[in-house]
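In this note's numbering, the protein residues as written are 1382 to 1681.
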């Protein structure tokens, strides 16, 4: 299912929570909405699902507006989670499958198939409250996909999840990619998103500050990143030739070195100027790129 959002904006009385957001994601691709709390990720997802109305802009699904038949092909894992604790696992899955308009027989078949796939078949007669926390999380994931959706929308899916279930979600996303389904993932865990997403949209205070494929964004920020901690004042390091950008955060200096500048020359100058307690050369992570992009916004 192709999803196209055009110029989405959402206002509250004092400010814009989302401003002029556009994107397109096609079957077999994963779009990552990345940024810290308050960046606008959840609001964008809710506008996609028509849970809140945009003040401007539109969302289309395979060139159509959202209607019941399309809604029934969407799986949504919200950040705030919970399932009925006093009900049996099998009954919960059948109930949610029926909400997506599966026949009773089809709902039963899909519930059992997914329980088997997630190694939960032996617990189908248990109530949710009888299960350990890790398995309760599995039930929440199963509720999201029991109807075999064409579009999967995940809001902070790794937050609070046990490590095994984080791995389960990663495998689920990769499987959905292979099966040519569409995935939209909102997360602040940029290291995980980098390995899963084809397209990313980096958000800051409701605005897109970077957008494109991981490769495109990395190409734009392909310079070396030098991290320095030392006993002396680090501010003067920004004057070193070849340092394109300098940030000082939590007593750690981040020097973004021009890709055409030999990094060893920069390191030699650093060693001459300060007493070093830590010196690292890295390729910038998505988080590093995000910090620089936010800093650039502040200077604009």
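Even glycine gets a Cβ: it sits at the ideal position worked out from N, Cα and C.
Just reading off the alpha helix (DSSP H) that residue 1477 is part of, what are its end residues? Numbered from its first residue, the chain shown carries residue 1477 at position 96. Run containing residue 1477: 1470 to 1480, per the alpha helix (DSSP H) assignment.
Using the rule of at least 16 other Cβ atoms within 10 Å of the residue's Cβ for burial, across every protein chain shown, is residue 1467 buried or exposed? Indexing the chain shown from 1 puts residue 1467 at position 86. Exposed, because fewer than 16 other Cβ atoms sit within 10 Å of the Cβ of residue 1467.
Are residue 1392 and residue 1436 touching if we call contact CB-CB under 7 Å? Numbered from 1 along the chain shown, position 11 holds the residue referred to as residue 1392. Numbered from 1 along the chain shown, position 55 holds the residue referred to as residue 1436. For residue 1392 and residue 1436, yes; Cβs fall inside 7 Å.
Same chain, Cβ closer than 8 Å to residue 1676, five either side skipped, listed in chain order: Walking along the chain shown from the start, residue 1676 turns up at place 295. The answer, listed in chain order, is 1626 and 1628.
The alpha helix (DSSP H) enclosing residue 1502, as first and last residue numbers: Translated into positions along the chain shown, residue 1502 becomes position 121. That residue, residue 1502, is in no alpha helix (DSSP H); it is neither H nor E in DSSP.
Give the straight-line distance between the Cα atoms of residue 1636 and residue 1582, rounded to the nearest whole angstrom. Sequence index remark: in the chain shown, residue 1636 carries index 255 (1-based). Sequence index remark: in the chain shown, residue 1582 carries index 201 (1-based). Cα to Cα, the separation comes out at about 24 Å.
Quick check on DSSP: helix, strand or coil for residue 1424? Taking the chain shown and counting its residues from 1, one reaches residue 1424 at position 43. It is helical.
Please classify residue 1598 as buried or exposed, where buried requires at least 16 other C-beta atoms within 10 Å of its C-beta. For this step, residue 1598 is matched to residue 217 along the chain shown. By the neighbour-count rule (16 or more Cβ atoms within 10 Å), residue 1598 is buried.
Where residue 1565 and residue 1659 are concerned, what is the direct C-alpha to C-alpha distance, given to the nearest angstrom? Against the chain shown, residue 1565 aligns to sequence position 184. Against the chain shown, residue 1659 aligns to sequence position 278. Rounded to whole angstroms, residue 1565 to residue 1659 spans 38 Å at the Cα level.
Report, in whole angstroms, the separation of the C-beta atoms of residue 1419 and residue 1386, which I expect to be a contact under 8 Å. Counting from 1 along the chain shown, the entry for residue 1419 is found at position 38. Counting from 1 along the chain shown, the entry for residue 1386 is found at position 5. Their Cβ separation, rounded to whole angstroms, is 20 Å, which puts residue 1419 and residue 1386 out of contact at 8 Å.
Residue 1461 versus residue 1588: straight-line alpha-carbon distance, rounded: The residue labelled residue 1461 in the question sits at position 80 within the chain shown. The residue labelled residue 1588 in the question sits at position 207 within the chain shown. Approximately 23 Å, taken between the alpha carbons.
By the DSSP assignment, the alpha helix (DSSP H) with residue 1556 in it spans what residues? Taking the chain shown and counting its residues from 1, the one referred to as residue 1556 is at position 175. Start and end: 1544 to 1559.
Strand pairing of residue 1637, partner residues [DSSP]: Walking along the chain shown from the start, residue 1637 turns up at place 256. Answer is 1606 and 1626.
In three-state DSSP terms, what is residue 1515? Mapped onto the chain shown, residue 1515 falls at position 134. Residue 1515: helix per DSSP, three-state reduction.
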